[in-house]
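Taken in sequence, the protein lines are chains A and B.
For the first sequence, the working numbering begins at 63 and goes up steadily by one.
For the second sequence, the working numbering begins at 144 and goes up steadily by one.
Worksheet: one structure, shown below.
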Amino acid sequence: KAGVTQTPRYLIKTRGQQVTLSCSPISGHRSVSWYQQTPGQGLQFLFEYFSETQRNKGNFPGRFSGRQFSNSRSEMNVSTLELGDSALYLCASRRGAGTEAFFGQGTRLTVV
Amino acid sequence: DQQVKQNSPSLSVQEGRISILNCDYTNSMFDYFLWYKKYPAEGPTFLISISSIKDKNEDGRFTVFLNKSAKHLSLHIVPSQPGDSAVYFCAASEWQAGTALIFGKGTTLSVSS
Numbered sequence: 063k064a065g066v067t068q069t070p071r072y073l074i075k076t077r078g079q080q081v082t083l084s085c086s087p088i089s090g091h092r093s094v095s096w097y098q099q100t101p102g103q104g105l106q107f108l109f110e111y112f113s114e115t116q117r118n119k120g121n122f123p124g125r126f127s128g129r130q131f132s133n134s135r136s137e138m139n140v141s142t143l144e145l146g147d148s149a150l151y152l153c154a155s156r157r158g159a160g161t162e163a164f165f166g167q168g169t170r171l172t173v174v
Numbered sequence: 144d145q146q147v148k149q150n151s152p153s154l155s156v157q158e159g160r161i162s163i164l165n166c167d168y169t170n171s172m173f174d175y176f177l178w179y180k181k182y183p184a185e186g187p188t189f190l191i192s193i194s195s196i197k198d199k200n201e202d203g204r205f206t207v208f209l210n211k212s213a214k215h216l217s218l219h220i221v222p223s224q225p226g227d228s229a230v231y232f233c234a235a236s237e238w239q240a241g242t243a244l245i246f247g248k249g250t251t252l253s254v255s256s
């Protein structure tokens, strides 16, 4: 059974640009969540999608957005990149509430 | 406002001994708790979970204890092995309400041989 796949693995962008990250969940999983990990901050929740609808949202500015497609694949977009957006972005899928989430290997974004 | 707190950034243990990682939460609506393990440059890996109707759950060397009155949970690893050296994250959610998993900042466990 294939795991959660995130692309690309590494990305370097310039301040002010925008970026789109992609996540393919485990087959059969309808929930996709996104997290940002920075040193010392743990995993900060960005948003969660379930059946193409945003179900939960963390405390991040509107520059961070996402969407989910009918095949459960999800994309995350960050506009007007700032240096502080440099982080490991992790995607997780789960079958539903009350079940464990499975993570991808993440996309390492560096903003210069 | 941090709803899930792991107050010990690091823990060092000798091989064969018990490792105890702690986690506190503030949201009394949380009813589902999980522990994850993470190596550098990889995504977190699920270890063990517990629902609020239980106070203990075991899986091999890993046991999670939940104290609802104290809003505290702990992960016990017995015996600890060098391969257990990683960052451990505690997570919680409101299962009934279908909220997302909220994570603590992690504890780095180092097991020396």
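All C-beta atoms in this analysis are idealised placements derived from N, C-alpha and C, irrespective of residue type, glycine included.
Bear in mind that the values here come from a model prediction, so they are computed numbers and not experimental data.
Query	Result
May I have a chain-ordered list of the alpha helix (DSSP H) segments no shorter than 4 residues that lie completely inside the region 83-141 of chain A?	none
For the putative contact between T69/A and S84/A, defined by C-beta atoms under 8 angstroms, what is the C-beta separation to the nearest angstrom?	5 angstroms
Using a Cβ cut-off of 8 angstroms (strictly closer), state whether R117/A contacts chain B.	yes
Identify which residue in G168/A, Y97/A, R157/A and Q103/A has its Cα closest to the Cα of S113/A.	R157/A
State the Cα-Cα distance for the pair N210/B and Y179/B, rounded to the nearest angstrom.	19 angstroms
Examine chain B for any beta-carbon lying closer than 8 angstroms to the beta-carbon of L171/A, and answer yes or no.	no
Can you tell me where the beta strand (DSSP E) holding S253/B begins and where it ends?	T250 to S255
Whose C-beta lies closer than 6 angstroms to the C-beta of E110/A among residues of the same chain, with five residues either side of it excluded?	S95, R117 and N118
If I'm right that S148/A touches T172/A with Cβ under 8 angstroms, what's the distance once you round it to whole angstroms?	5 angstroms
List the whole-angstrom C-beta distance separating D174/B from S192/B, where the pair is believed to meet the contact cut-off of C-beta under 8 angstroms.	The pair is not a contact, with the Cβ atoms about 11 angstroms apart (cut-off 8 angstroms).
Could you give the C-beta distance for L218/B and L177/B, rounded to a whole number, given that I count them as a contact under 8 angstroms?	Contact flag wrong, Cβ pair sits at about 10 angstroms.
Along chain A, which residues have their Cβ under 7 angstroms away from the Cβ of T242/B?	N118
For a contact defined as C-beta to C-beta under 7 angstroms, what are the partners of Q167/A on chain B?	E185 and G186
Tell me which residue opens and which closes the beta strand (DSSP E) that V172/A is part of.	Before going further, note that residue 172/A is Thr rather than Val in the sequence given. It spans T169 to V173 - the beta strand (DSSP E) in which T172/A sits, taken as one unbroken run.
State yes or no: is the beta carbon of F205/B nearer than 8 angstroms to at least one beta carbon in chain A?	no
Output, in chain order, the set of chain A residues within a Cβ distance shorter than 9 angstroms of L164/B.	In chain order: nothing, as chain A lies at least about 14 angstroms away.
Does the pairing of the region 228-248 of chain B with the region 125-139 of chain A give three or more beta-carbon distances under 8 angstroms?	no
If you follow the beta strand (DSSP E) that R77/A is part of, which residue opens it and which one closes it?	Looking at the DSSP string, R77/A is not in any beta strand (DSSP E), and its letter there is neither H nor E.
By Cβ distance below 8 angstroms, which residues in the same chain neighbour Y237/B in space, the five residues on each side in sequence not counted?	According to the sequence displayed, residue 237/B carries Glu and not Tyr. N170, M172, F173, D174 and Y175.
Buried or exposed for P101/A, please, with buried defined as at least 16 other CB atoms from any protein chain shown within 10 angstroms of its CB.	exposed
Using only the alpha-carbon positions, how far apart do R135/A and P152/B sit?	34 angstroms
Is any heavy atom in the ligand COA found nearer than 7 angstroms to the beta carbon of G128/A?	Looking for the ligand COA in the displayed structure turns up nothing, as the structure carries no ligands at all.
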